[in-house]
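Asker: Going down the list, the sequences are from chains R and V. Start counting the first sequence at 1; every next residue gets the next number (the working numbering). Start counting the second sequence at 1; every next residue gets the next number (the working numbering). By construction, the Cβ of each residue, glycine as well, lies at the ideal position given by its N, Cα and C atoms.
2 protein chains.
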Amino acid sequence: MNSEFTIAVHSLVYLAYLPERMAPSEAIAENVSTNPARIRKVMSCLKRGGYVDTREGAGGGYRLTLDPAIVNLADIYRLMAQGSVIPSWCSGNPDMDCVVGSNMQEVMDGIFCKAEKQLEAYFSGITISDVLGQIKECKEC
Amino acid sequence: MNSEFTIAVHSLVYLAYLPERMAPSEAIAENVSTNPARIRKVMSCLKRGGYVDTREGAGGGYRLTLDPAIVNLADIYRLMAQGSVIPSWCSGNPDMDCVVGSNMQEVMDGIFCKAEKQLEAYFSGITISDVLGQIKECKEC
DNA sequence: TTGTACTGTAATCATATCAGTTACAGTTGA
DNA sequence: TCAACTGTAACTGATATGATTACAGTACAA
Numbered sequence: 001m002n003s004e005f006t007i008a009v010h011s012l013v014y015l016a017y018l019p020e021r022m023a024p025s026e027a028i029a030e031n032v033s034t035n036p037a038r039i040r041k042v043m044s045c046l047k048r049g050g051y052v053d054t055r056e057g058a059g060g061g062y063r064l065t066l067d068p069a070i071v072n073l074a075d076i077y078r079l080m081a082q083g084s085v086i087p088s089w090c091s092g093n094p095d096m097d098c099v100v101g102s103n104m105q106e107v108m109d110g111i112f113c114k115a116e117k118q119l120e121a122y123f124s125g126i127t128i129s130d131v132l133g134q135i136k137e138c139k140e141c
Numbered sequence: 001m002n003s004e005f006t007i008a009v010h011s012l013v014y015l016a017y018l019p020e021r022m023a024p025s026e027a028i029a030e031n032v033s034t035n036p037a038r039i040r041k042v043m044s045c046l047k048r049g050g051y052v053d054t055r056e057g058a059g060g061g062y063r064l065t066l067d068p069a070i071v072n073l074a075d076i077y078r079l080m081a082q083g084s085v086i087p088s089w090c091s092g093n094p095d096m097d098c099v100v101g102s103n104m105q106e107v108m109d110g111i112f113c114k115a116e117k118q119l120e121a122y123f124s125g126i127t128i129s130d131v132l133g134q135i136k137e138c139k140e141c
């Protein structure tokens with residue numbers, strides 16, 4: 001799995017946690033434990049997806065635009081890490097004589113695509129609010 | 001996803017397809033479209049898992065030991081690629097003051113572990129025979 | 001018993017991907 | 001107009017991936 005997915009989720013949860021729902025890349029980077037440039041790259045995607053707004057200039061940063069209760073992890077997964085389940089390497093070769101060697105790519109592709117769908121379905125049941133809720137539960141332990 | 005998983009599945013399907021259910025690494029490598037050393041490495045794992053036997057010496061190779069109808073992809077996944085869903089990179093830091101930053105690792109870990117379970121559950125519904133069956137269907141198209 | 005055909009495994013190399021870092025142009029609000 | 005931001009690209013080092021080569025060990029067949 002792509003780590004940018006984790007960063008995106010973490011950033012959104014962090015923004016949802018803040019009273020003003022707004023923070024500059026440096027504050028987010030510190031919370032996520034990475035560098036501001038990486039955060040800005042991830043947030044650019046989230047902005048294109050409509051999940052956050054940006055305000056440049058002093059006192060600016062990234063602001064959550066949507067209700068954390070309606071944004072689910074499948075949305076973020078599709079945006080940041082779609083296809084993570086499917087391996088880049090393909091076995092077999094369609095031009096081969098053997099039935100197995102020539103059709104394996106297609107069959108495995110079908111299997112992995114369904115796996116991907118399953119994963120998305122699972123992620124669609126978890127919202128940013130849910131993640132924040134789980135974090136608050138940790139606090140009490 | 002680890003490509004060794006794909007190689008393992010392909011190899012088992014190929015063996016199941018052959019009347020003698022046996023082939024040397026070179027024949028498998030050709031069918032999979034990779035080199036024999038890589039096949040031998042994967043087959044070593046499958047041997048340790050009890051899925052294949054080896055016979056060294058002339059006329060030897062790898063032989064399927066189990067009924068392809070009872071070997072499912074979850075077995076192979078656990079053997080070859082367990083943990084593929086979980087990213088190697090972790091966000092946040094448990095020593096942090098912020099509730100979000102300090103607990104994100106644990107929460108995301110829980111989410112990814114469940115995702116992994118889901119994936120295994122999906123794979124457990126597909127056997128080597130099923131894959132071979134799908135390949136034979138391709139033939140007819 | 002000897003040679004051949006295999007497995008098992010490690011070493012090496014080239015390439016790709018990943019994450020961190022630095023830099024700088026562009027933008028905006030005080 | 002200046003300071004604080006974003007957006008993006010270039011560069012670096014680390015790690016992962018897959019191909020290739022090599023060679024010791026093993027078993028079967030002649």
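Using the C-alpha atoms, what's the distance from V:Leu132 back to R:Gly110?
Answerer: In this structure, the CA atom of R:Gly110 is about 13 Å from the CA atom of V:Leu132.
Asker: Exposed or buried, what is V:Asp75 when buried is set at 16 or more other beta-carbons lying within 10 Å of its beta-carbon?
Answerer: buried
Asker: What does R:Gly125 touch in chain V if you count any residue whose Cβ is under 8 Å from its own?
Answerer: Those do not exist, as R:Gly125 stays about 10 Å from chain V at its closest Cβ, beyond 8 Å.
Asker: For V:Arg38, which residues in the same chain have their Cβ closer than 8 Å to its Cβ, ignoring the five residues on either side in sequence?
Answerer: Ile7, Ala29
Asker: Per DSSP, what are the beta-bridge partners of V:Met22 in this structure?
Answerer: V:Arg63
Asker: Taking 8 Å as the threshold (C-beta atoms), are R:Ala23 and R:Tyr154 in contact?
Answerer: No information on residue 154 of chain R is available, as it lies outside the stretch 1 to 141 that chain R covers here.
Asker: Anything in the stretch 102-119 of chain R with a Cβ closer than 9 Å to a Cβ of chain V? List those residues in chain order, please.
Answerer: Ser102, Asn103, Met104, Glu106, Val107, Met108, Gly110, Ile111, Phe112, Lys114, Ala115, Gln118, Leu119
Asker: Rounded to the nearest angstrom, what separates R:Ser124 and V:Arg55 at their Cα positions?
Answerer: Between R:Ser124 and V:Arg55, the C-alpha separation is close to 48 Å.
Asker: Using only the alpha-carbon positions, how far apart do R:Ser3 and R:Met104 sit?
Answerer: Rounded to whole angstroms, the separation of the alpha carbons of R:Met104 and R:Ser3 is 29 Å.
Asker: Go ahead and label V:Ala115 buried or exposed: buried means 16 or more other beta carbons lie within 10 angstroms of its beta carbon, across all protein chains shown.
Answerer: buried
Asker: So, for R:Val71: in the same chain, excluding its five sequence neighbours on each side, which residues have a beta-carbon less than 7 Å away from its beta-carbon?
Answerer: Leu12, Tyr51, Thr127, Ile128
Asker: Identify, in the order they occur along the chain, each residue of the same chain with its Cβ nearer than 8 Å to the Cβ of V:Val32, setting aside the five sequence neighbours on each side.
Answerer: Ile7, His10, Ser11, Tyr14, Ile39
Asker: Would V:Ser129 pass as an interface residue toward chain R - the criterion being a Cβ-Cβ separation below 8 Å?
Answerer: No, its Cβ sits nowhere closer than 8 Å to a Cβ of chain R.
Asker: Please report how far the alpha carbon of R:Gln82 lies from the alpha carbon of V:Arg48, in whole angstroms.
Answerer: 34 Å
Asker: What residue range is occupied by the uninterrupted alpha helix (DSSP H) comprising R:Val71?
Answerer: Counting along the chain, no alpha helix (DSSP H) covers R:Val71, and no H or E run does either.
Asker: So is R:Gly92 in contact with chain V if we call contact Cβ pairs under 8 Å?
Answerer: yes
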